[in-house]
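Q: This structure is in structure tokens; I'll ask about it shortly.
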Amino acid sequence: MKRIKTKDYFLVTIQFVLLIAYCIVFYKTANNTNIILRIAGIVTSASGFIVAIVAMITLNRNLRAVPTPVENGTLITHGIFSIVRHPIYTGILLVAFGGLVIHFSFALLSIAIALFILFSIKSSYEERMLSEKYNGYKDYRLKTGKLFPFIK
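Here the numbering used here is used: the first residue of the sequence shown is 8, the next is one more, and so on.
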């Protein structure tokens, strides 16, 4: 079994701290936004939840919280993974930015930007390991967006 590195746990810990901070700040900064922004934010956040859940279901036994791939895993390139390489991160970002549209605050904006930076770092780290593990990963990477479609 491949040893999970300290860096894996560090990245996941930062991720959960940011998500918890986001939820607390979102709850504390609830304000009255206009109905159009509220609907747009809800649709964006709901889309993010759906993207993340579909990605988790698609990953099935390949799913884990840490970036290190599972030992006997397979490269998933179908379904939502044919559109973006890291759809769980995409989904979380959509939820965060949707929430930001609903209840704007500079604190939420800062956390959402920190999540984006973290997911950029975490996905690059993960992709180095995926490239070593799976022969087809480099080709897949050229054809598929990293966090958002068409943005490699």
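Glycine included, each C-beta is placed from N, C-alpha and C at the ideal position.
(1) So what does DSSP say about VAL73, is it helix, strand or coil?
(2) Using a threshold of 8 Å, state whether the C-beta atoms of ILE49 and ILE109 are closer than that.
(3) Alpha carbon to alpha carbon, what distance is there between LEU154 and ILE118?
(4) Please return the same chain residues whose Cβ sits closer than 6 Å to the Cβ of ALA121, not counting the five positions on each side in sequence.
(5) So, using beta-carbon positions, are ALA114 and THR36 closer together than 8 Å?
(6) Once DSSP output is grouped into helix, strand and coil, what is the label at ILE158?
(7) Rounded C-beta distance between PRO74 and LYS129? I'm assuming under 8 Å.
(8) With 16 as the cutoff for other CB atoms within 10 Å, does LYS150 come out buried or exposed?
(9) Quick one, which of PHE111, ILE64, ILE99 and PHE157 has its alpha-carbon nearest VAL32's?
(10) What does a CB cutoff of less than 7 Å around ILE66 pick up in its chain, not counting 5 residues either side in sequence?
(11) Quick one, which of ASN41, PRO76, GLY86 and PHE157 has its alpha-carbon nearest VAL58's?
(12) Just mark GLY98 as buried or exposed, buried being the case when its beta carbon has 16 or more other beta carbons within 10 Å.
A: Per the coordinate set shown:
(1) Mapped onto the sequence shown, residue 73 falls at position 66. VAL73 falls in the coil class under three-state DSSP.
(2) Counting from one through the sequence shown, the residue named residue 49 turns up at place 42. Counting from one through the sequence shown, the residue named residue 109 turns up at place 102. The Cβ atoms of ILE49 and ILE109 lie closer than 8 Å to each other.
(3) The sequence position of residue 118 within the sequence shown is 111, counting from 1. The sequence position of residue 154 within the sequence shown is 147, counting from 1. Cα to Cα, ILE118 sits roughly 17 Å from LEU154.
(4) Working through the sequence shown from its first residue, we reach residue 121 at position 114. So the qualifying residues of the chain are LEU25.
(5) Along the sequence shown, read from residue 1 onward, the residue named residue 114 stands at position 107. Along the sequence shown, read from residue 1 onward, the residue named residue 36 stands at position 29. Result yes, Cβ atoms of ALA114 and THR36 sit closer than 8 Å.
(6) Taking the sequence shown and counting its residues from 1, one reaches residue 158 at position 151. Strand at ILE158.
(7) Here residue 74 is taken as the residue at index 67 of the sequence shown, counted from 1. Here residue 129 is taken as the residue at index 122 of the sequence shown, counted from 1. Their Cβ separation, rounded to whole angstroms, is 6 Å, which keeps PRO74 and LYS129 in contact under 8 Å.
(8) Numbered from its first residue, the sequence shown carries residue 150 at position 143. When all chains shown are included, LYS150 counts as exposed.
(9) Here the question's residue 32 lines up with position 25 in the sequence shown. Out of PHE111, ILE64, ILE99 and PHE157, PHE111 has the C-alpha closest to the C-alpha of VAL32.
(10) Start at 1 with the first residue of the sequence shown, and residue 66 comes out as number 59. Checking the displayed sequence, the identity of residue 66 turns out to be Leu instead of Ile. Closer than 7 Å at Cβ, skipping near neighbours: ILE83.
(11) Your numbering for residue 58 matches position 51 in the sequence shown. The shortest Cα separation from VAL58 among ASN41, PRO76, GLY86 and PHE157 belongs to GLY86.
(12) As a first step, residue 98 must be located in the sequence shown, where it is residue number 91. Flag for GLY98 reads buried.
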